Amino acid sequence: TKTISKCYVQVTGMTCASCVANIERNLRREDGIHSILVALMAGKAEVRYNPAVIHPSTIAELIRELGFGATVMENCGEGDGILELVVRGMTCASCVHKIESTLMKTNGVLYCSVALATNKAHIKYDPEIIGPRDVIQVIKDLGFSTSLVKKDRSASHLDHKQEIRQWKRSFVVSLVFCVPVMGLMIYMMVMDSQLSDAHAHHNMTREEMEALHSSMVLEYQLLPGLSVMNFLSFLLCVPVQIFGGWHFYIQAYKALKHKTANMDVLIVLATSIAFLYSFVILLVAMAEKAKVNPVTFFDTPPMLFVFISLGRWLEHVAKGKTSEALARLISLQATEATIVTLGPGNVLLSEEQVDVELVQRGDIVKVIPGGKFPVDGRVIEGHSMVDESLITGEAMPVTKKPGNTVIAGSINQNGSLLISATHVGADTTLSQIVKLVEEAQTSKAPIQQFADKLSGYFVPCIVAVSVVTLLAWIIIGFVDFEIIEKYFLGYNKSISAAEVIIRFAFQASITVLCIACPCSLGLA
Numbered sequence: 001t002k003t004i005s006k007c008y009v010q011v012t013g014m015t016c017a018s019c020v021a022n023i024e025r026n027l028r029r030e031d032g033i034h035s036i037l038v039a040l041m042a043g044k045a046e047v048r049y050n051p052a053v054i055h056p057s058t059i060a061e062l063i064r065e066l067g068f069g070a071t072v073m074e075n076c077g078e079g080d081g082i083l084e085l086v087v088r089g090m091t092c093a094s095c096v097h098k099i100e101s102t103l104m105k106t107n108g109v110l111y112c113s114v115a116l117a118t119n120k121a122h123i124k125y126d127p128e129i130i131g132p133r134d135v136i137q138v139i140k141d142l143g144f145s146t147s148l149v150k151k152d153r154s155a156s157h158l159d160h161k162q163e164i165r166q167w168k169r170s171f172v173v174s175l176v177f178c179v180p181v182m183g184l185m186i187y188m189m190v191m192d193s194q195l196s197d198a199h200a201h202h203n204m205t206r207e208e209m210e211a212l213h214s215s216m217v218l219e220y221q222l223l224p225g226l227s228v229m230n231f232l233s234f235l236l237c238v239p240v241q242i243f244g245g246w247h248f249y250i251q252a253y254k255a256l257k258h259k260t261a262n263m264d265v266l267i268v269l270a271t272s273i274a275f276l277y278s279f280v281i282l283l284v285a286m287a288e289k290a291k292v293n294p295v296t297f298f299d300t301p302p303m304l305f306v307f308i309s310l311g312r313w314l315e316h317v318a319k320g321k322t323s324e325a326l327a328r329l330i331s332l333q334a335t336e337a338t339i340v341t342l343g344p345g346n347v348l349l350s351e352e353q354v355d356v357e358l359v360q361r362g363d364i365v366k367v368i369p370g371g372k373f374p375v376d377g378r379v380i381e382g383h384s385m386v387d388e389s390l391i392t393g394e395a396m397p398v399t400k401k402p403g404n405t406v407i408a409g410s411i412n413q414n415g416s417l418l419i420s421a422t423h424v425g426a427d428t429t430l431s432q433i434v435k436l437v438e439e440a441q442t443s444k445a446p447i448q449q450f451a452d453k454l455s456g457y458f459v460p461c462i463v464a465v466s467v468v469t470l471l472a473w474i475i476i477g478f479v480d481f482e483i484i485e486k487y488f489l490g491y492n493k494s495i496s497a498a499e500v501i502i503r504f505a506f507q508a509s510i511t512v513l514c515i516a517c518p519c520s521l522g523l524a
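Last residue of the sequence shown: number 524 in the UniProt record's numbering, and the count goes up by one each step with no gaps.
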């Protein structure tokens with residue numbers, strides 16, 4: 001007897017079904033090749049060959065000569081079928097042993113484990129030798145009832161609705177409070193510049209005097225050391241910090257718990273420190289009854305949160321779109337198949353309805369007019385028109401006659417067809433498309449991985465730099481106080497020199513943190 005081996009070849013450069021047909025037709029003519037099956041979406045060819053006549057590398061070479069890229073895949077474990085079953089009627093460990101030992105003796109079963117507590121069986125088998133229906137039959141013959149573990153076909157794990165809602169809420173809250181803060185800030189800037197102009201010219205018109213006056217309203221002190229401007233900024237900043245920043249805080253906490261630093265940590269650090277620092281400075285100013293209003297950073301947190309939550313919201317909306325498409329794809333899959341047994345001369349002997357997961361390679365499946373094709377296969381008997389637009393986008397129905405291939409998920413129109421299953425389960429074109437889209441969603445773009453890696457170093461670096469800034473200014477201050485006097489606005493003699501130095505140093509280091517944070521926007 002000829003020994004038949006099996007190998008898998010990764011094929012690149014195939015664009016459509018005619019490429020597949022081309023490869024299959026040409027390779028079947030070669031000596032030593034028993035059969036060949038090419039899956040277009042997976043880009044994979046399964047070849048059964050006689051190792052005495054031909055070698056896998058020669059097979060790959062033959063495919064390359066046809067103008068495609070081909071490499072032999074080393075890990076042939078890809079062909080193993082995996083079956084998850086619920087087994088009812090087990091009472092004790094001996095039942096488990098009975099099922100396991102019987103299955104392991106069965107030809108084609110590679111691995112089997114049965115859990116009594118959960119009533120589940122996990123079986124690995126070689127689809128060439130045995131199929132899921134045979135395995136189920138073996139267990140039934142032992143006197144247990146069994147059923148497939150129902151797969152969740154709803155694609156609920158792809159739903160981004162909740163995240164979209166959460167980030168949208170976060171963005172809206174931040175935006176509502178951010179606009180007034182920015183308004184106040186811009187107003188102050190404009191007034192400051194007018195003030196300095198006025199001081200330069202000395203001769204003021206009445207309008208300028210009024211402008212000066214209105215800018216004083218914001219600088220007006222409600223309590224000694226607490227200006228209207230700072231008070232309003234503080235009031236507007238609190239809700240943003242709590243509601244807008246809520247998710248960032250949670251994420252940052254989780255990251256720090258695992259001893260990593262991500263973007264969220266940086267955002268939380270900058271906003272919290274800016275907020276707390278400003279708050280403390282206000283308290284100090286009030287305690288001192290300061291004449292000059294302190295410089296606060298209440299404008300930083302709302303603006304940061306607005307930009308970043310907008311970014312996250314848009315990202316989830318985009319992901320949601322892809323997921324919707326994927327959920328629709330998954331819903332195209334048929335759930336049941338009609339398997340028929342043929343006698344001599346293609347006479348129908350019997351037919352039964354089974355779950356799609358139980359269809360084995362080589363089964364004869366009957367598809368009635370209006371029915372969906374449950375698996376990829378080849379037509380054996382019958383003529384029909386098939387609507388493949390769901391998969392290929394081709395608007396016109398395609399004629400199918402014996403020998404043509406059909407795609408799972410497409411719809412049979414007017415004639416009844418008998419097809420022989422070639423790709424089942426996870427190997428069908430539709431499953432492969434779903435898998436590719438899922439992978440595309442879960443995998444990160446290389447640049448994104450790079451950004452994440454960078455932010456791992458970026459956060460500690462920024463923190464280090466701001467600490468260095470703090471220490472450096474403290475040292476400079478104690479060595480040469482004049483420099484600080486020159487740069488520290490609103491220095492009045494009532495405060496001790498040491499306090500001025502420390503305040504200025506803090507201001508410098510906070511500024512470093514707050515400025516580095518929008519850099520994370522650049523990274524994002």
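Glycine included, C-beta positions come from ideal geometry on N, C-alpha and C. All figures in this text were calculated on a predicted structure; none of them were measured in a lab.
### Query
On the three-state DSSP scale, how would you describe Ile4?
coil
### Message
Quick check on Gly13: buried or exposed, where buried means 16 or more other Cβ atoms within 10 Å of its Cβ?
### Response
exposed
### Task
Scan the stretch 343–393 and note each continuous alpha helix (DSSP H) run of 4 residues or more that stays entirely inside, going in chain order.
389–392
### Message
At the 8 Å Cβ level, is Leu85 part of the contact set with chain C, yes or no?
### Response
Looking at the structure shown, chain C is missing, and only one protein chain is on hand.
### Assumed close pair Val375, Ala337 - CB separation to whole angstroms, cut-off 8 Å
Yes, Val375 and Ala337 are in contact; Cβ-Cβ is about 7 Å, under 8 Å.
### Query
Do Leu358 and Leu349 have their C-beta atoms within less than 8 Å of each other?
no
#### Entry: Option nearest Glu499 by Cα separation, candidates Phe481, Leu513 and Ile510
Phe481
#### Entry: Secondary structure of Met396, DSSP reduced to three states
Met396 falls in the coil class under three-state DSSP.
### Task
For the stretch 287–343, list the alpha helix (DSSP H) runs that are entirely contained and at least 4 residues long, ordered along the chain.
300–331
### Task
May I ask you to report which of helix, strand or coil DSSP gives Met191?
helix
### Query
So, helix, strand or coil for Tyr249, using DSSP?
Correct three-state label for Tyr249: helix.
### For Val11 and Val38, believed in contact at Cβ under 8 Å, the rounded distance
7 Å
### Query
When burial is assigned at 16 or more other CB atoms within 10 Å of the CB, is Ser193 buried or exposed?
exposed
### Task
Just the C-alpha distance for Lys435 and Thr428, rounded to the nearest angstrom, thanks.
10 Å
### Query
Of all the options Glu381, Ile380, Leu329 and Leu417, which has the alpha carbon lying nearest to the alpha carbon of Ile391?
Leu329
### Task
Classify Thr296 as buried or exposed, calling it buried when 16 or more other Cβ atoms lie within 10 Å of its own Cβ.
Thr296 counts as buried, since no fewer than 16 other beta carbons sit within 10 angstroms of its beta carbon.
### Task
For Ile4, count neighbouring C-beta atoms within 10 Å of its own C-beta (all shown protein chains included) and say buried if the count is 16 or more, exposed if not.
Classification of Ile4: exposed, given that the 10 Å Cβ count is below 16.
### Task
Take Ser35 and list the residues in its own chain whose beta-carbon comes closer than 7 Å to its own, dropping the five residues that flank it on each side.
Arg48
### Task
Identify whether Ala17 lies in helix, strand or coil by the three-state DSSP scheme.
Here DSSP, grouped into helix, strand and coil, assigns Ala17 to helix.
### Message
Taking 8 Å as the threshold (C-beta atoms), are Leu266 and Val459 in contact?
### Response
Yes. Within cutoff.
### Message
Please tell me whether Gln241 and Pro294 are closer than 8 Å, where the distance is taken between their beta carbons.
### Response
no
### Message
Bridge partners for Cys112 per DSSP, in chain order?
### Response
Ile123
### Message
Relative to the C-alpha of Val508, which candidate in Thr469, Gln251 and Phe478 has its C-alpha closest?
### Response
It is worth fixing the name first, because residue 508 is Ala in this sequence and not Val. It is Thr469 whose Cα lies nearest to the Cα of Ala508.
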